[in-house]
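Everything in the sequence shown is counted per the numbering used here, starting at 1 for the first residue and increasing by one.
Structure first, commentary second.
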Amino acid sequence: MPRHATGRNEKQRLRQQRYRSRLAVLGEPEVAELDTAAAVAVARLVIDLEQGKAVSGSRDLLDTLLRSAVDSLKSQGYNGRAAGRLMHRRLTWLKESFKDANATWYTKRGVQV
Numbered sequence: 001m002p003r004h005a006t007g008r009n010e011k012q013r014l015r016q017q018r019y020r021s022r023l024a025v026l027g028e029p030e031v032a033e034l035d036t037a038a039a040v041a042v043a044r045l046v047i048d049l050e051q052g053k054a055v056s057g058s059r060d061l062l063d064t065l066l067r068s069a070v071d072s073l074k075s076q077g078y079n080g081r082a083a084g085r086l087m088h089r090r091l092t093w094l095k096e097s098f099k100d101a102n103a104t105w106y107t108k109r110g111v112q113v
């Protein structure tokens, strides 16, 4: 969520603003957009699996992908059970927000404003 400008870090704020302007001109997404796009792709796969539209082997691919994500978090020192639970909650949120064509940028990221 954007923070209010206080003037304390004005140089960095302006540098970030220029960087985002350059990205917009080039049509390049920021890392957060890439992360969200990848997560939405996984959420779409979950929806396709629920509706029986996914191609053969999709469930195994999804299971492997999610296990890999949780293993990565565990290797960073996070609790595996908690990581799995939170991963499931996040995917459920993404899946439901993806179904809503009017979902805002914040909603798709789980930000409640």
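Positions of the beta carbon are idealized from the N, C-alpha and C atoms, including for glycine.
- Distance from L45 to A54 at the Cβ level is roughly 6 Å; contact confirmed, criterion being Cβ atoms closer than 8 Å.
- Straight across, the Cα-Cα distance linking T92 with S75 is about 24 Å.
- Sixteen is the threshold: since fewer than 16 other Cβ atoms of the shown chains lie within 10 Å of the Cβ of A24, the residue is exposed.
- By the CB criterion at 7 Å, G77 and V70 fall outside the cutoff.
- Annotation: D63 to E30 spans about 27 Å, alpha carbon to alpha carbon.
- Membership of K108 in the alpha helix (DSSP H) is indicated by the continuous run W105 to K108.
- Annotated three-state conformation of G80 is helix, per DSSP.
- In this structure D48 is not in contact with S56, their Cβ atoms being roughly 12 Å apart against a cut-off of 8 Å.
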